[in-house]
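Numbering of the sequence shown is given in UniProt numbering, commencing with residue 1 and proceeding in unit increments.
Just so you know, even glycine gets a beta-carbon here, dropped at the ideal spot from N, CA and C.
One structure below.
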Amino acid sequence: MDFNLPEDLREVQGTVRAFMLDVVEPRAHEIEATNSVPPELLRGAADLGLFGLSIPEEYGGVGLSALGRCAAYEALGQGHMGFGGVISAHASIGTSGLVRLGTEEQKRRFLPRMATGECVAGFAITEPSSGSDAANIRTRAEKRGDVYVLNGTKHYISNAPIAGLLTVIAVTDPAQGTRGMSAFLVEPQRTPGVSIGKIDEKMGQKGALSAEVIFQDAEIPAANLLGPEHLGYREALGILTNGRVGIAARSTGAMQRLLDLSVAHAQTREQFGQPIGEFQAVQFMLAEMEIAIQTSRLLWQKVAWMVDQGQDVRRMASVAKYHATEMLSQVADRAVQVAGGMGYMKDSPVERYYRDQRLLRIYEGTSEIQKLIIARSLLA
1 MDFNLPEDLR
11 EVQGTVRAFM
21 LDVVEPRAHE
31 IEATNSVPPE
41 LLRGAADLGL
51 FGLSIPEEYG
61 GVGLSALGRC
71 AAYEALGQGH
81 MGFGGVISAH
91 ASIGTSGLVR
101 LGTEEQKRRF
111 LPRMATGECV
121 AGFAITEPSS
131 GSDAANIRTR
141 AEKRGDVYVL
151 NGTKHYISNA
161 PIAGLLTVIA
171 VTDPAQGTRG
181 MSAFLVEPQR
191 TPGVSIGKID
201 EKMGQKGALS
211 AEVIFQDAEI
221 PAANLLGPEH
231 LGYREALGIL
241 TNGRVGIAAR
251 STGAMQRLLD
261 LSVAHAQTRE
271 QFGQPIGEFQ
281 AVQFMLAEME
291 IAIQTSRLLW
301 QKVAWMVDQG
311 QDVRRMASVA
321 KYHATEMLSQ
331 VADRAVQVAG
341 GMGYMKDSPV
351 ERYYRDQRLL
361 RIYEGTSEIQ
371 KLIIARSLLA
């Protein structure tokens, strides 16, 4: 076993980390104040190839392996989490379905523009009545000649306000239950009958916009059916499964950033005539952070390697996502404690991480859903 990333992937990771710390982080207060990512930062991300991480080179992307993508996601996690959320929602669940299931015509039509960031992507499955219970989807897609007519509402859809393309899961045959769902490629800005609702006001992850997507007799060309009809639910689970390892990697990067901030603070902040890092209580918190980082990193690296080997990762992706996101919550709490009152102030990156990280235990499968997946896999 070799636990070192290949040199080329270390270079990719270093480049992304430098971009996040040197270019994005100095604009963090601006992103927080405006709840938007400056266009020049998105252009910078596009120039680095971040929008094309999972897109094959033949379509203009970077074409990284799962291990390479997750190495980049860990670096993304070390900067503003809202900015990282825009990129990961696009490059992970927004793109992977099209790459894996799309026809050649669909790939040629969409992927080159997605690779440059001209067309930002998202994934629309969650509805008011179906969050963790994805089988309760009510958005309908009725076949009428050479089009499917969509009616229904999706909500909390990441990137919806800026998306040029959404992968939408809808019911095509209600009699078949979960076997009667299909996936569609929808261009919300170009399709009559598709509208974007009010931008969600979230506790954290500013700049990573989400909103409702409403379908009212929206006609989607049959040529935009993604994969075989009635396989949408199964494919949606596959998209979410592969996205979970990316969340584990981003969570690891966020933990690393919080530890770095905490160590620097512990070395310079003095109380009772000495740096607080000299106190055992603070040392124990730093040690716990390091343990969380190392275990989470090993997990995402293993699962990414399994993806590249073509192995079934459903159980292990849930293990990695659950562990890393739960550990990140603990690390964020420890970081606030080490920083003391400073960590509770709005101008502190620690305070921002404390808010931003909470969402990771909810989206793309809650912690409770991850435990169900793990347990049912064991019992099967």
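query                                                                                                                                                                              : result
At 4 residues or longer, what runs of the alpha helix (DSSP H) sit wholly inside the region 164 to 236?                                                                            : none
If contact is defined by three or more beta carbon pairs under 8 Å, each pair taking one atom from either stretch, is the region 219 to 233 in contact with the region 300 to 308? : no
Say the cut is 7 Å; is the CB of E235 nearer than that to a heavy atom of the ligand GTP?                                                                                          : For the structure depicted, the ligand GTP is absent and the ligand set is empty, with no information on it obtainable.
Quick check on this structure: which residue in K202, V331 and S195 has the alpha carbon closest to the alpha carbon of L166?                                                      : S195
Which same chain residues, not among the five before or five after M255, have their C-beta less than 7 Å away from its C-beta?                                                     : M289, A292, I293, S296, M327, L328 and V331
If you compare alpha carbons, which of V149, V147, A135 and S92 is closest to A121?                                                                                                : S92
List in chain order: all unbroken alpha helix (DSSP H) runs of 4+ residues lying wholly within the region 61 to 123.                                                               : 66 to 76, 81 to 91, 96 to 101 and 104 to 115
According to DSSP, which residues form a beta bridge with L150?                                                                                                                    : A141 and A218
Return the Cβ separation of C119 and G246 in integer angstroms, given the expectation that the two are a contact with Cβ distance under 8 Å.                                       : About 20 Å; that fails the 8 Å criterion.
Give me the Cα-Cα distance between T34 and E142, rounded to the nearest whole angstrom.                                                                                            : 40 Å
Counting only the same chain and skipping the five closest in sequence on each side, list residues whose C-beta sits under 8 Å from that of T139.                                  : E127, L150, N151, G152, T153, K154, V168, I169, A170, V171 and F215
So the alpha helix (DSSP H) G44 belongs to, where does it begin and stop?                                                                                                          : P39 to D47
Could you round the C-beta distance between G204 and L359 to whole angstroms and report it? I think they count as a contact, below 8 Å.                                            : 6 Å
S130 and A208 - do their beta-carbons sit closer together than 8 Å?                                                                                                                : no
At which residues does the alpha helix (DSSP H) containing residue 381 begin and terminate?                                                                                        : Here the chain has residues from 1 to 380 only, and residue 381 is not among them.
Give the DSSP-derived three-state secondary structure of Q271 in the structure shown.                                                                                              : strand
What residue from S54, K107 and L67 has the CA that sits closest to H90's CA?                                                                                                      : S54
Could you give the residue range of the alpha helix (DSSP H) that holds A33?                                                                                                       : A28 to T34
Would you mind working out which of G60, V37 and G68 sits nearest F83, comparing C-alpha positions?                                                                                : V37
DSSP on E364, reduced to helix/strand/coil?                                                                                                                                        : coil
Can you give me the C-alpha to C-alpha distance between R314 and R109, rounded to a whole angstrom?                                                                                : 31 Å
Counting C-beta neighbours from all protein chains within 10 Å, is the total for Y353 16 or more, i.e. buried, or is it exposed?                                                   : buried
DSSP three-state label for S129, please.                                                                                                                                           : coil
Kindly list the residues whose CB is nearer than 8 Å to the CB of E105, restricted to its own chain and excluding five residues on each side of it in sequence; keep chain order.  : A223
Using 8 Å as the threshold, is the C-beta distance between L237 and A335 below it?                                                                                                 : no
Taking V99 as the reference, which of I87, Y59 and V86 has the closest Cα?                                                                                                         : Y59
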